[in-house]
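Here is the structure we will look at.
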Amino acid sequence: ELQSESGGRIQAIAFRAVDTALGEFLFTNRGKPVHVAGSLSGNHWNGNRTVQFRIVDAALA
């Protein structure tokens with residue numbers, strides 16, 4: 001989940017990030033302010049429809 005400085009939240013996912021530099025960065029910096037790059041996408045799973053942010057890159061804020 002991502003949270004903006006103003007408190008807004010959105011579900012986020014980084015596909016295929018395990019054992020990658022991106023995955024390590026996100027795990028190591030969990031809870032810290034970061035900049036993320038990606039796109040919004042619709043998620044249809046288990047009968048539910050939501051919007052999520054697909055992370056493709058990140059850097060320290």
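Going by our numbering, the sequence shown opens with residue 1, and the numbers climb by one from there. For every residue, glycine included, the Cβ atom is placed at its ideal position computed from N, Cα and C. Bear in mind that the values here come from a model prediction, so they are computed numbers and not experimental data.
{"query": "Selection from Ser41, Val56, Glu5 that minimises the alpha carbon distance to arginine 49", "result": "Ser41"}
{"query": "Proximal residues to alanine 12 (C-beta, below 8 Å), its chain only, five neighbours per side dropped", "result": "Glu1, Leu2, Val36, Gly38, Gln52, Phe53, Arg54, Ile55"}
{"query": "Opening and closing residue of the alpha helix (DSSP H) in which alanine 14 lies", "result": "Unbroken run through alanine 14: none, as it is neither H nor E."}
{"query": "Bounding residues of the beta strand (DSSP E) (the contiguous stretch that carries alanine 21)", "result": "That residue, alanine 21, is in no beta strand (DSSP E); its alpha helix (DSSP H) goes 21–28."}
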